[in-house]
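*Asks:*
Residue numbers (the working numbering): 770 to 870.
Here you go:
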């Protein structure tokens, strides 16, 4: 990311807006199985929040999507044990990122 000029108050305000969007989108996705945005938009918004929270650690809030994994799920689902572990590759947005894993 290129150097950016933003003050902490602006970052705090922007982060609050991003958290609200991301939490709403997570609820749509995980609870209602009805996402309203494409994965790429969610990922870009999430990355922007990560960038702001990295620049200004004081703005991190407990309800931030960067501080939790997943969300609650719809009732009626049972727990499943996978024969092969479900492993994440992390966030890979460019070939160079993948090559460094």
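All C-beta atoms in this analysis are idealised placements derived from N, C-alpha and C, irrespective of residue type, glycine included.
Within this structure, are the beta carbons of residue 789 and residue 797 separated by less than 7 Å?
*Replies:* no
*Asks:* For the structure I just gave you, are there three or more beta carbon pairs, one from the stretch 804 to 823 and one from the stretch 847 to 857, closer than 8 Å?
*Replies:* no
*Asks:* Could you pull the start and end residues of the alpha helix (DSSP H) that residue 820 belongs to?
*Replies:* 808 to 824 is the extent of the alpha helix (DSSP H) around residue 820.
*Asks:* Look up residue 797 in the DSSP assignment and say whether it is helix, strand or coil.
*Replies:* helix
*Asks:* Rounded to the nearest angstrom, what separates residue 819 and residue 835 at their Cα positions?
*Replies:* 7 Å
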